[in-house]
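Notes for the one structure printed next.
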Amino acid sequence: MRKDILYILLLLLITDLSIIADIPVLRQSLPFIFFTIIPGYLLVGILKFKFELIEGSIIAAALSIFLMMITGVIINSFYPIIMKPLSLLPLLSSINLLIIALMLIYHLRGEEPLNLKASGNLSAALSSLIFPVLTVIGSYLMNKYSVNTVLLLVLLFIPVYIILLEVFKKKIGPATYPVAIFSISLSLLIMNGLPSNYLIGRDIHWEFYLFRKALMAHHWDMHVEPYSAYNACLSVTVLPVIYKVLLNVPAVYIFKFYYGFIGALMALSVYLISERILKRSDYGFYTTLLFIFQFSFIYILGWCRQLVALLFFAAAVMVLTRDMRRPHKKLLFVVFMVGTVLSHYTTAYVFFFLVALTPLLVRVMKRLKVPDDSRGFFAASLAVLFFVVVFAWYAQATGAPFKSAVSFFTETLRSMSEFFSADMRNNSELAILGIGISNFPNLLSTLVHDTVFALIGAGVLAVIFKEEYRQGREYLAAVIICMGILVAFIALPFVSKGYGGTRLFTQLLVILAPLFITGIDALTGFIGRESWRIPSIIVLLILLFSCTTYLNYHFSGIPYSYAYDDAGERRYETFIYDSEVTGALWLSNHYNETSVIHGDKMIYSRIIYGFSTYPRVDREFFNGTDTETGGYVYLTHFNLYQRLVFLDYPLAPPRVVNGALKLDNVESINNYKDLIVNMSTIYDNGGSRVLIVA
1 MRKDILYILL LLLITDLSII ADIPVLRQSL PFIFFTIIPG YLLVGILKFK
51 FELIEGSIIA AALSIFLMMI TGVIINSFYP IIMKPLSLLP LLSSINLLII
101 ALMLIYHLRG EEPLNLKASG NLSAALSSLI FPVLTVIGSY LMNKYSVNTV
151 LLLVLLFIPV YIILLEVFKK KIGPATYPVA IFSISLSLLI MNGLPSNYLI
201 GRDIHWEFYL FRKALMAHHW DMHVEPYSAY NACLSVTVLP VIYKVLLNVP
251 AVYIFKFYYG FIGALMALSV YLISERILKR SDYGFYTTLL FIFQFSFIYI
301 LGWCRQLVAL LFFAAAVMVL TRDMRRPHKK LLFVVFMVGT VLSHYTTAYV
351 FFFLVALTPL LVRVMKRLKV PDDSRGFFAA SLAVLFFVVV FAWYAQATGA
401 PFKSAVSFFT ETLRSMSEFF SADMRNNSEL AILGIGISNF PNLLSTLVHD
451 TVFALIGAGV LAVIFKEEYR QGREYLAAVI ICMGILVAFI ALPFVSKGYG
501 GTRLFTQLLV ILAPLFITGI DALTGFIGRE SWRIPSIIVL LILLFSCTTY
551 LNYHFSGIPY SYAYDDAGER RYETFIYDSE VTGALWLSNH YNETSVIHGD
601 KMIYSRIIYG FSTYPRVDRE FFNGTDTETG GYVYLTHFNL YQRLVFLDYP
651 LAPPRVVNGA LKLDNVESIN NYKDLIVNMS TIYDNGGSRV LIVA
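Heads up: the sequence shown begins at 1 in this note's numbering, then just goes up one per residue.
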């Protein structure tokens, strides 16, 4: 028996013991590491694939997560024969059976899949691990004492570390860039996940609500309402339930902390993709920093279903860039394709368009005699298979995501009559065109992002017209399709409002990010300033970093980050206090179920933590909706202490007006005194208040 089999068996026994005996610390760490890596490791060995450590770890993690989701769905299907299929005994037993079966097959026919040898100087790589450690400490200090010094130091040291890596790049080992990417990405993710004792974001609260329903029932009902489109995403229903049951940690920390590690693995996929396309490890590093320093990556713990889907999507693209046997490549690609479908519908739809349109565009290129010596991967059969999987899961098994997609396209067509209306587009997309800029930090962010877009555009032109940058017809086709999708999101009305362009851009950057470097390389070569390449890349990345982490706002005296600022619209919107949840819990135990709970736009994110079933909520109370006798008005910490109300989501950055900070879609509660003056207070804990409509 091989040593790795013995080690895995021993680890399985220790992991099971830590769960059954509920050993502190060990239970909260070892099962997550073991079950997120080992099942995929065994499967890779069974298939006789051979990978280097970084790529093998990504593949193993993606396969393990896929296997856990599938195992969870299978055991869940035994309901009601097993009344609580997603409880500890059924889950632990089924996952153990899966691993033992994989171990037996691996022992009989498998080969060790990973090259575990490390070479070169590791000091620079290991030094970056201080970033996530300091981030956890800094988040604790910020939550407990409102001390942001450590978090700001982390954000200031990251650019310094990047510069030092460039200065001493001849002395660093090959592991430095991947470890640095993992550490920096993990730090940024958990920095924006750990504020508050509750979850941060908008969509994440509905994801948590559906996860909690499955957790409390120990069973996933695929047709639960509301937000049943989210419920079709195993990434925020079955998968977190498995982790929660195995780890026994507070439920919110599955999303706030553990999913950050999955996001960091996704960033490593982008590094390997970029390194292979650009054929330089430092270029791969800078390309990945461009990906990491995107708004929708840094704050992706606010929509965890897309995070898991992007891991599968990035892993699929990574497989395409690897030189391996075609059947093996196709098998892994299909598995990750299915994983994307099971994780998030919109990410899957974009993925489908790429798979379906690429072979069509390649055929056009063949007729135009675009040179390409590589053998094509995409075919109509793959697109048909993708469509079958999408239709089977979204239209037949769950239903809601397919209806949501039909509604989205219907609304897009309907809005064509308002093509030139700014109201039909997101503020972030309008800002690209210079519309709605309100202050210097906003202007700086617009200029930096527009420069990045322009350089990617230059990279696209270089790939099309300069043979030395070309990667083959399929890559060129994928690039053109990605650019077409981006243009459509900016040009078509409603599209960017229905699904944020920043989130789409992050997905497409998995493919487009190398073109940022290509664009700079082509332009500096064109003007004969090759020595400007690296400095230009680093300066732009640091400026982008300052914009997406809101340091540009912070040092301009405008609080905008919920991670390290204790004021500002993002903090007021997203930071949930214990007193608010306590008030929601009290209300859930004392309210009349036929009555409506009124409040401002943000009360849903507080109410949702106090109710096992989401009640009737009116979020438009301060916009003039009617009330009925016996209804309730729930006032949040923000309403009571800042004396302000959210009329809608903040859609634009804060700005200074007549020396005072003006928040978007926020008004003084004093303007609405007549709405609540005759109501009686029935509950007040100092941080939330409940009024009753007389």
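The C-beta atom is built at its ideal place from N, Cα and C for all residues, glycine as well.
Excluding five sequence neighbours on each side, which residues of the same chain lie with their C-beta closer than 6 Å to the C-beta of residue i?
| i | result |
| --- | --- |
| S421 | A caution first: S421 carries a pLDDT of 49, below 50, which makes its placement in the model unreliable, though a value can still be read off. Excluding residues within five positions, none has a Cβ falling inside 6 Å. |
| V160 | none |
| F208 | L199 |
| Y106 | L42, G45 and I46 |
| K662 | R655 |
| G472 | D372 and S374 |
| T398 | M222 and A232 |
| A214 | W220, T237 and V241 |
Assuming residue i and residue j are in contact, meaning their beta carbons sit under 8 Å apart, how far apart are those beta carbons, in whole angstroms?
| i | j | result |
| --- | --- | --- |
| G138 | V154 | 6 Å |
| H598 | D618 | 5 Å |
| V245 | F211 | No, V245 and F211 are not in contact; Cβ-Cβ is about 12 Å, not under 8 Å. |
| A400 | S228 | 4 Å |
| N76 | L89 | That pair is no contact at about 14 Å. |
| T506 | S296 | 4 Å |
| F378 | L247 | That pair is no contact at about 39 Å. |
| I58 | M216 | That pair is no contact at about 33 Å. |
| N665 | L647 | 5 Å |
| F440 | S556 | 6 Å |
With a CB to CB cut of under 7 Å and the five nearest residues on each side skipped, what residues in its chain are close to residue i?
| i | result |
| --- | --- |
| A60 | I37, G40, Y41 and V44 |
| V53 | Per the sequence presented here, residue 53 reads as Leu, with Val not at that position. Counting only Cβ-Cβ distances below 7 Å, and skipping sequence neighbours, we find L114, N115 and L116. |
| I70 | none |
| L342 | M69, L234 and W393 |
| V388 | none |
| L543 | V448 |
| N592 | G630 |
Keeping to the same chain, check which residues put their C-beta closer than 8 Å to that of residue i; ignore five residues upstream and five downstream.
| i | result |
| --- | --- |
| M679 | V633, L691, I692, V693 and A694 |
| F34 | L11, L12 and T15 |
| R2 | H107 and E112 |
| A478 | L354, T358 and I511 |
| I517 | S274, L278, Y283, Y286, T287, G459 and I537 |
| L331 | L47 |
| S281 | P174, Y177 and E275 |
| K169 | D282 |
| L102 | P39, L42, L43 and I46 |
Please tell me whether residue i and residue j are closer than 8 Å, where the distance is taken between their beta carbons.
| i | j | result |
| --- | --- | --- |
| M337 | F353 | no |
| L239 | V308 | yes |
| Y560 | R570 | yes |
| Y649 | K601 | yes |
| F622 | Y572 | no |
| L141 | M191 | no |
| G263 | L189 | yes |
| A232 | A175 | no |
| I603 | H205 | no |
| F66 | V334 | no |
| T574 | Y564 | no |
| V711 | L508 | With the chain covering only 1 through 694, there is no way to say anything about residue 711. |
| L267 | I181 | Per the sequence shown, the amino acid found at residue 267 is Ala instead of Leu. Result yes, Cβ atoms of A267 and I181 sit closer than 8 Å. |
| Y469 | A522 | yes |
| Y299 | G201 | yes |
| G339 | A62 | yes |
| P653 | S438 | yes |
| L92 | I19 | yes |
| L504 | F489 | yes |
| S588 | G630 | no |
| E580 | R616 | no |
Open item on the list: Quick check: the region 676–692 against the region 623–643, are at least 3 beta-carbon pairs closer than 8 Å?
Closed with: yes
Open item on the list: With three or more C-beta pairs closer than 8 Å as the rule, is the region 285–292 touching the region 267–277?
Closed with: yes
Task: Runs of beta strand (DSSP E) lying entirely within the region 72–110, each at least 3 residues, in chain order - done: none
Open item on the list: Does the contact criterion of 3 or more C-beta pairs under 8 Å hold for the region 439–448 versus the region 542–553?
Closed with: yes
TODO: Pick out the complete beta strand (DSSP E) segments inside the region 606–661, 3 residues or longer, and give them in chain order.
DONE: 632–635, 644–646 and 655–657
Task: contact_flag[the region 74–93, the region 123–137] where n(CB pairs < 8 Å) is 3 or more - done: no
Task: Length-filtered (4 minimum) alpha helix (DSSP H) runs lying within the region 193–247 - done: 203–217, 228–231 and 238–247
Task: Three-pair Cβ contact test at 8 Å for the region 250–260 versus the region 140–150 - done: no
Open item on the list: Quick check for students: name the residue ranges of the beta strand (DSSP E) that lie wholly in the region 542–598, counting only runs of 3 or more.
Closed with: none
Task: Segments of 4+ residues assigned as alpha helix (DSSP H) that fall wholly inside the region 247–302 - done: 259–278, 281–292 and 295–298
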